[in-house]
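Trainee: Top to bottom, those sequences are chains A and B.
Using our numbering, you'd call the opening residue of the first sequence number 177 and step up by one each time.
Using our numbering, you'd call the opening residue of the second sequence number 177 and step up by one each time.
Sending over a structure as structure tokens; questions will come in a sec.
There are 2 protein chains.
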Amino acid sequence: MATLKDVAREVGLSVGTVSRVLNNRGYISAETRANVRAAMQKLDYQPNEVARSLSRQRTSTIGLIMPSIEHPYFARLISCLERSAYERAYKILLFCAYGIPDQEKKFVEACRSNRVAGLIICSDSVRTETFSNLGFPLISYERYLDSSDACVLCDNEEGGGLAAKELIERGCRRPAYLCGRSRVGMPADMRKDGFLNVCRQYGISPETYLFEADRMLDVQYCPEIISFLKEHPCTDGLFCGSDVIAAEAIQAASVLGIDVPGRLKIVGFDDVLPAVLTSPKITTIRQPVKEMAKACIELIDKKNSGESVPSRSVFHVSLVRRGTT
Amino acid sequence: MATLKDVAREVGLSVGTVSRVLNNRGYISAETRANVRAAMQKLDYQPNEVARSLSRQRTSTIGLIMPSIEHPYFARLISCLERSAYERAYKILLFCAYGIPDQEKKFVEACRSNRVAGLIICSDSVRTETFSNLGFPLISYERYLDSSDACVLCDNEEGGGLAAKELIERGCRRPAYLCGRSRVGMPADMRKDGFLNVCRQYGISPETYLFEADRMLDVQYCPEIISFLKEHPCTDGLFCGSDVIAAEAIQAASVLGIDVPGRLKIVGFDDVLPAVLTSPKITTIRQPVKEMAKACIELIDKKNSGESVPSRSVFHVSLVRRGTT
DNA sequence: AAATGTATGTCAATCGTTTAACATGTTTGA
DNA sequence: TCAAACATGTTAAACGATTGACATACATTT
Numbered sequence: 177m178a179t180l181k182d183v184a185r186e187v188g189l190s191v192g193t194v195s196r197v198l199n200n201r202g203y204i205s206a207e208t209r210a211n212v213r214a215a216m217q218k219l220d221y222q223p224n225e226v227a228r229s230l231s232r233q234r235t236s237t238i239g240l241i242m243p244s245i246e247h248p249y250f251a252r253l254i255s256c257l258e259r260s261a262y263e264r265a266y267k268i269l270l271f272c273a274y275g276i277p278d279q280e281k282k283f284v285e286a287c288r289s290n291r292v293a294g295l296i297i298c299s300d301s302v303r304t305e306t307f308s309n310l311g312f313p314l315i316s317y318e319r320y321l322d323s324s325d326a327c328v329l330c331d332n333e334e335g336g337g338l339a340a341k342e343l344i345e346r347g348c349r350r351p352a353y354l355c356g357r358s359r360v361g362m363p364a365d366m367r368k369d370g371f372l373n374v375c376r377q378y379g380i381s382p383e384t385y386l387f388e389a390d391r392m393l394d395v396q397y398c399p400e401i402i403s404f405l406k407e408h409p410c411t412d413g414l415f416c417g418s419d420v421i422a423a424e425a426i427q428a429a430s431v432l433g434i435d436v437p438g439r440l441k442i443v444g445f446d447d448v449l450p451a452v453l454t455s456p457k458i459t460t461i462r463q464p465v466k467e468m469a470k471a472c473i474e475l476i477d478k479k480n481s482g483e484s485v486p487s488r489s490v491f492h493v494s495l496v497r498r499g500t501t
Numbered sequence: 177m178a179t180l181k182d183v184a185r186e187v188g189l190s191v192g193t194v195s196r197v198l199n200n201r202g203y204i205s206a207e208t209r210a211n212v213r214a215a216m217q218k219l220d221y222q223p224n225e226v227a228r229s230l231s232r233q234r235t236s237t238i239g240l241i242m243p244s245i246e247h248p249y250f251a252r253l254i255s256c257l258e259r260s261a262y263e264r265a266y267k268i269l270l271f272c273a274y275g276i277p278d279q280e281k282k283f284v285e286a287c288r289s290n291r292v293a294g295l296i297i298c299s300d301s302v303r304t305e306t307f308s309n310l311g312f313p314l315i316s317y318e319r320y321l322d323s324s325d326a327c328v329l330c331d332n333e334e335g336g337g338l339a340a341k342e343l344i345e346r347g348c349r350r351p352a353y354l355c356g357r358s359r360v361g362m363p364a365d366m367r368k369d370g371f372l373n374v375c376r377q378y379g380i381s382p383e384t385y386l387f388e389a390d391r392m393l394d395v396q397y398c399p400e401i402i403s404f405l406k407e408h409p410c411t412d413g414l415f416c417g418s419d420v421i422a423a424e425a426i427q428a429a430s431v432l433g434i435d436v437p438g439r440l441k442i443v444g445f446d447d448v449l450p451a452v453l454t455s456p457k458i459t460t461i462r463q464p465v466k467e468m469a470k471a472c473i474e475l476i477d478k479k480n481s482g483e484s485v486p487s488r489s490v491f492h493v494s495l496v497r498r499g500t501t
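So, in structure tokens, the structure goes:
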């Protein structure tokens with residue numbers, strides 16, 4: 177591929193001059209500029225971003241380390257991040273660590289090697305590993321990571337509360353909370369807190385069920401939900417840790433011949449695609465993923481410009497009422 | 177961050193020597209090797225991949241240009257591609273072009289600038305643009321792209337045929353095909369061909385309905401499906417262009433009080449998450465996405481090693497029978 | 001006429017590696 | 001004993017840009 181030198185030779189100038197028209201720096205006559213541009217066109221010149229990055233000592237790449245790509249929530253998140261990145265002229269380097277601390281560590285190193293402009297991580301080794309001296313801003317998404325420069329999360333507790341309120345106001349007296357992992361400080365745990373608190377305010381004490389396995393999408397929760405509903409036949413409301421779980425709760429109800437929302441009301445979380453693909457559609461807690469993604473990118477930008485940024489950015493969630501309540 | 181020079185200074189050697197232990201080239205005494213490694217450890221040295229790439233004249237990054245990230249099919253595809261890439265020590269540079277030719281072109285240029293090791297594109301400007309002289313292998317996914325080095329796709333026609341066979345053998349006499357865009361050479365078009373051909377063999381001539389809009393996920397197809405079913409009340413089978421569409425077909429049936437699979441049978445396509453989140457679960461045509469993704473990465477690898485590769489790799493699909501037929 | 005500012009362009013160091021070409025010993029084997 | 005092979009390490013030129021320091025020429029001011 178053609179280099180700056182080739183272009184320079186073509187128009188009979190030094191590479192320095194050509195570089196200046198490329199970067200719009202210094203004084204350049206209109207004629208020279210035109211000549212250079214023409215030569216670039218002619219040689220199909222494409223600036224070598226690798227060389228540029230080395231010289232400038234920075235890249236325009238943002239690393240992403242996610243626990244899943246296929247899960248609808250992360251698919252949506254990654255999609256939003258890509259868009260926000262694009263709007264600010266960043267590219268996305270994508271890694272999927274499947275929640276395995278060892279992989280996360282490896283990918284963090286990969287990001288260091290590649291001198292990314294920033295790293296957004298949704299880590300599951302929050303307490304295991306401390307990342308420091310990275311050389312670029314580290315944004316923790318939906319997790320509290322001590323070594324991060326900033327955390328971006330939604331108000332999970334508020335979400336739990338909204339769900340409780342919805343279920344109870346719609347008549348539920350025996351609600352339950354269903355979710356996967358629930359380590360302290362993780363979103364699911366905070367959703368539970370919010371849920372339980374509001375229930376308590378209404379004088380209700382709900383069941384809580386944590387799924388055995390927690391492999392994101394590998395497992396089907398439906399059988400476990402069926403067992404749960406059989407063991408707690410009076411349950412009249414379910415707050416599910418995600419829309420995927422909520423969808424499977426609908427399946428479970430369908431299998432057991434329980435009418436939704438008649439005999440059982442369901443509230444999901446996230447407001448992602450599955451919430452609108454089921455029958456009935458799922459009442460859920462909406463996370464403003466787009467805004468949260470935008471915040472991540474902006475935080476990196478600001479941090480890199482030397483601005484100081486809030487260590488936590490918490491976003492409000494809202495209830496989206498559909499067919500399951 | 178520490179550089180090779182720093183490490184060299186630390187152990188009192190030249191950078192050349194240090195580079196050799198880093199790359200396991202040439203003769204190095206065990207002692208020197210140990211010293212160097214210790215120094216690297218001590219200085220928390222991390223090789224600068226940017227400099228490396230510049231020097232080696234190649235990166236270990238594979239570009240991905242997709243029309244969507246959030247759509248379950250692409251979420252799955254990207255997930256599989258990331259895994260296969262990781263297994264071969266590649267990283268993923270992710271772009272989403274939303275099917276906009278202009279964006280695709282821009283991203284192809286970005287990949288050129290970044291000197292990717294290869295580019296996998298699921299392009300919607302197949303006929304609009306010709307990419308040539310890229311400097312790296314171009315793999316076209318699920319599309320026939322003239323300027324590509326290789327195409328990877330599933331046997332969409334076979335899939336259409338399988339769907340027709342399933343519907344008809346299960347008793348449908350008035351099946352219909354529902355899908356989004358349908359330009360010649362696109363998967364949807366080939367699925368239709370396969371579907372129509374097999375129907376014809378059975379002496380049946382099905383309806384075909386193309387959705388107005390085609391914005392992947394922005395649009396809800398449900399209302400259009402409802403209209404269709406109202407206008408064609410005898411329809412007893414639906415072959416949907418994707419599982420997402422199939423899920424919405426179930427919703428439409430539910431709204432109209434049509435029993436699935438009793439009065440209406442449905443076959444989807446892809447076999448991705450939504451297929452197992454609905455009630456009933458969707459009978460669908462399974463694409464071996466994992467294998468297809470692996471093939472993409474391997475093709476790039478081989479092409480870069482000078483091997484010649486098949487210009488087309490077509491994968492068999494299979495019927496996965498679930499609750500909608 | 002000297003000083004200042006504007007306009008145009010060149011030069012060479014630098015970014016952090018890789019790698020071919022050398023230099024210099026030390027073993028071995030015939 | 002001499003050459004070949006082995007072992008260890010150095011040097012310096014790439015890779016393809018960026019960028020501060022200069023050089024030169026002309027047009028205005030003062």
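A virtual CB, placed ideally from N, CA and C, is assigned to each residue, including glycine.
What did DSSP end up calling Asp-300 of chain B once you bin it into helix, strand or coil?
Mentor: Walking along the second sequence from the start, residue 300 of chain B turns up at place 124. Looking at Asp-300 of chain B - three-state DSSP - the assignment turns out to be coil, as it is neither helix nor strand.
Trainee: When the Cβ atoms of the region 475 to 494 of chain B are set against those of the region 272 to 281 of chain B, are three or more pairs found closer than 8 Å?
Mentor: no
Trainee: Do the CB positions of Cys-472 of chain B and Ile-254 of chain B come within less than 8 Å of each other?
Mentor: If you number the second sequence from 1, residue 472 of chain B lands on position 296. If you number the second sequence from 1, residue 254 of chain B lands on position 78. Against a cut-off of 8 Å, the Cβ pair of Ile-254 of chain B and Cys-472 of chain B comes out as no contact.
Trainee: If you measure beta-carbon to beta-carbon, which residues of the region 177 to 205 of chain A are closer than 8 Å to chain B?
Mentor: Met-177
Trainee: With Val-485 of chain A and Leu-475 of chain A assumed to form a contact (beta carbons below 8 Å), what rounded beta-carbon distance in angstroms separates them?
Mentor: The count along the first sequence starts at 1 and reaches residue 485 of chain A at position 309. The count along the first sequence starts at 1 and reaches residue 475 of chain A at position 299. With a Cβ gap of about 5 Å, Val-485 of chain A and Leu-475 of chain A count as contacting.
Trainee: I'd like to check one pair, Asp-419 of chain B with Ser-243 of chain B: are the Cβ atoms closer than 8 Å?
Mentor: Along the second sequence, read from residue 1 onward, the residue named residue 243 of chain B stands at position 67. Along the second sequence, read from residue 1 onward, the residue named residue 419 of chain B stands at position 243. Residue identity differs from the one stated: residue 243 of chain B is Pro in this sequence, not Ser. In this structure, Pro-243 of chain B sits away from Asp-419 of chain B, with a CB-CB distance that is not shorter than 8 Å.
Trainee: Check whether the region 266 to 276 of chain A and the region 231 to 243 of chain A are in contact - that is, three or more C-beta pairs closer than 8 Å.
Mentor: yes
Trainee: Assuming the contact rule is C-beta atoms closer than 8 Å, Phe-271 of chain A and Ala-286 of chain A should be a hit. Round their C-beta distance to whole Å, please.
Mentor: For the purposes of this step, residue 271 of chain A is taken as the residue at position 95 of the first sequence. For the purposes of this step, residue 286 of chain A is taken as the residue at position 110 of the first sequence. Contact holds; Cβ gap of about 7 Å.
Trainee: Using Cβ-Cβ distances below 8 Å, what residues of the region 283 to 301 of chain B are close to chain A?
Mentor: Glu-285, Ala-286, Arg-288, Ser-289, Asn-290 and Arg-291
Trainee: Can you say whether Glu-207 of chain B is buried or exposed, counting buried as having 16 or more other CB atoms within 10 angstroms of its CB?
Mentor: Looking up residue 207 of chain B in the second sequence gives position 31. When all chains shown are included, Glu-207 of chain B counts as exposed.
Trainee: Taking the straight line between their C-alpha atoms, what separation do you get for Val-493 of chain B and Phe-445 of chain B?
Mentor: Within the second sequence, numbered from 1, the residue matching residue 493 of chain B stands at position 317. Within the second sequence, numbered from 1, the residue matching residue 445 of chain B stands at position 269. Taking the straight line from one Cα to the other gives about 10 Å.
Trainee: What is the rounded straight-line gap between the Cα of Val-448 of chain B and the Cα of Ser-231 of chain B?
Mentor: As a working note, residue 448 of chain B is residue 272 in the second sequence. As a working note, residue 231 of chain B is residue 55 in the second sequence. Near 42 Å, if we compare the C-alpha coordinates of Ser-231 of chain B and Val-448 of chain B.
Trainee: Arg-498 of chain B: which of B:Lys-457, B:Ala-423 and B:Met-468 sits nearest, CA to CA?
Mentor: Counting from 1 along the second sequence, the entry for residue 498 of chain B is found at position 322. Comparing Cα positions, the closest option is B:Lys-457.
Trainee: Can you find the residues in the same chain that come closer than 7 Å, C-beta to C-beta, to Leu-432 of chain A, ignoring five residues on each side of it along the sequence?
Mentor: Against the first sequence, residue 432 of chain A aligns to sequence position 256. For Leu-432 of chain A, where only same-chain residues beyond five positions count, the Cβ hits under 7 Å are Ile-402 and Leu-405.
Trainee: Please list the partners that Asp-220 of chain B has in chain A, where partner means a Cβ-to-Cβ separation under 7 Å.
Mentor: Along the second sequence, read from residue 1 onward, the residue named residue 220 of chain B stands at position 44. Within chain A, the residues near Asp-220 of chain B are Asn-309.
Trainee: Do the CB positions of Cys-355 of chain A and Lys-368 of chain A come within less than 8 Å of each other?
Mentor: Taking the first sequence and counting its residues from 1, one reaches residue 355 of chain A at position 179. Taking the first sequence and counting its residues from 1, one reaches residue 368 of chain A at position 192. Cys-355 of chain A places its beta carbon less than 8 Å from that of Lys-368 of chain A.
Trainee: Does the Cβ-Cβ distance between Glu-383 of chain A and Glu-400 of chain A come in under 8 Å?
Mentor: Reading the first sequence from its first residue, position 207 is the one you call residue 383 of chain A. Reading the first sequence from its first residue, position 224 is the one you call residue 400 of chain A. No, these two residues do not count as a Cβ contact at 8 Å.
Trainee: Does DSSP put Asp-446 of chain B in a helix, a strand or coil?
Mentor: Residue mapping note: residue 446 of chain B aligns to position 270 of the second sequence, counting from 1. Of the three classes helix, strand and coil, the one that applies to Asp-446 of chain B here is strand, per DSSP.
Trainee: How would you list, in chain order, the residues of chain B whose beta-carbon sits under 8 Å from the beta-carbon of Thr-306 of chain A?
Mentor: If you number the first sequence from 1, residue 306 of chain A lands on position 130. Those do not exist, as Thr-306 of chain A stays about 13 Å from chain B at its closest Cβ, beyond 8 Å.
Trainee: Determine, using beta carbons only, whether Pro-464 of chain B comes closer than 8 Å to chain A.
Mentor: Along the second sequence, read from residue 1 onward, the residue named residue 464 of chain B stands at position 288. Closer than 8 Å: no.
Trainee: Taking Cβ-Cβ distances shorter than 8 Å, what residues in chain A pair up with Val-452 of chain B?
Mentor: Position 276 of the second sequence, counted from the first residue, corresponds to residue 452 of chain B. Going along chain A in sequence order, the residues near Val-452 of chain B (Cβ under 8 Å) are Gln-396.
Trainee: I need the boundaries of the alpha helix (DSSP H) containing Cys-249 of chain A, first residue and last residue.
Mentor: Start at 1 with the first residue of the first sequence, and residue 249 of chain A comes out as number 73. Note on identity: in this sequence residue 249 of chain A is Tyr, with Cys being the wrong assignment. Per DSSP, Tyr-249 of chain A belongs to the alpha helix (DSSP H) from 248 to 263.
Trainee: Do we get a CB-CB distance below 8 Å when we pair Thr-235 of chain A with the residues of chain B?
Mentor: Here residue 235 of chain A refers to the residue found at position 59 of the first sequence. Any Cβ of chain B closer than 8 Å to the Cβ of Thr-235 of chain A would place that residue at the interface, and such an atom is present.
Trainee: Would you kindly check if the distance between the Cβ of Asn-224 of chain B and the Cβ of Thr-193 of chain B is under 8 Å?
Mentor: Here the question's residue 193 of chain B lines up with position 17 in the second sequence. Here the question's residue 224 of chain B lines up with position 48 in the second sequence. No, Cβ-Cβ distance for Thr-193 of chain B and Asn-224 of chain B is not below 8 Å.
Trainee: What are the start and end residues of each continuous alpha helix (DSSP H) run of 4 or more residues lying completely inside the region 197 to 245 of chain A, in chain order?
Mentor: 206 to 219 and 225 to 232
Trainee: I'd like to know whether the C-beta of Ser-455 of chain A is nearer than 8 Å to at least one C-beta of chain B.
Mentor: Here residue 455 of chain A refers to the residue found at position 279 when the first sequence is read from its first residue. Chain B contact via Cβ: present.
Trainee: Comparing the C-beta of Arg-498 of chain B with each C-beta of chain A, is any distance below 8 Å?
Mentor: Counting from 1 along the second sequence, the entry for residue 498 of chain B is found at position 322. Not an interface residue.
Trainee: Taking only the alpha-carbon atoms, compute the straight-line gap between Gly-335 of chain A and Leu-495 of chain A and give it to the nearest angstrom.
Mentor: Within the first sequence, the letter at position 159 stands for residue 335 of chain A. Within the first sequence, the letter at position 319 stands for residue 495 of chain A. Cα to Cα, Gly-335 of chain A sits roughly 8 Å from Leu-495 of chain A.
Trainee: For a cutoff of 8 Å on Cβ pairs, would you count Leu-269 of chain A as touching chain B?
Mentor: Residue 269 of chain A sits at position 93 when you count from the first residue of the first sequence. It does: the Cβ of Leu-269 of chain A has a partner Cβ on chain B nearer than 8 Å.
Trainee: What three-state label does DSSP hand Ser-494 of chain A in the structure shown?
Mentor: Counting from 1 along the first sequence, the entry for residue 494 of chain A is found at position 318. It is a strand residue.
Trainee: Residues of chain A with a CB under 8 Å from the CB of Ser-255 of chain B: which are they?
Mentor: Along the second sequence, one-based indexing puts residue 255 of chain B at 79. Ordered by position in chain A, the residues that pass the 8 Å Cβ test against Ser-255 of chain B are Ser-244, Ile-245, Glu-246 and Cys-272.
Trainee: Please check if any C-beta of chain B sits within less than 8 Å of the C-beta of Pro-223 of chain A.
Mentor: As a working note, residue 223 of chain A is residue 47 in the first sequence. Residue-level contact by beta carbon holds for Pro-223 of chain A and chain B, with a gap shorter than 8 Å.
Trainee: Which two residues bound the contiguous beta strand (DSSP E) that contains Cys-327 of chain A?
Mentor: Numbered from its first residue, the first sequence carries residue 327 of chain A at position 151. It spans 326 to 330 - the beta strand (DSSP E) in which Cys-327 of chain A sits, taken as one unbroken run.
Trainee: Report back the beta-carbon spacing between Phe-415 of chain B and Leu-310 of chain B to the nearest angstrom; my notes put them in contact at under 8 Å.
Mentor: Mapped onto the second sequence, residue 415 of chain B falls at position 239. Mapped onto the second sequence, residue 310 of chain B falls at position 134. About 37 Å; that fails the 8 Å criterion.
Trainee: Cβ closer than 7 Å: which chain B residues qualify as neighbours of Gln-427 of chain A?
Mentor: On the first sequence, residue 427 of chain A is found 251 positions in, with the first residue counted as 1. Ordered by position in chain B, the residues that pass the 7 Å Cβ test against Gln-427 of chain A are Ser-455.
Trainee: Can you tell me which of A:Thr-459, A:Cys-330 and A:Arg-291 puts its alpha carbon nearest to the alpha carbon of Tyr-221 of chain B?
Mentor: Position 45 of the second sequence holds residue 221 of chain B. Among A:Thr-459, A:Cys-330 and A:Arg-291, the Cα nearest to that of Tyr-221 of chain B belongs to A:Arg-291.
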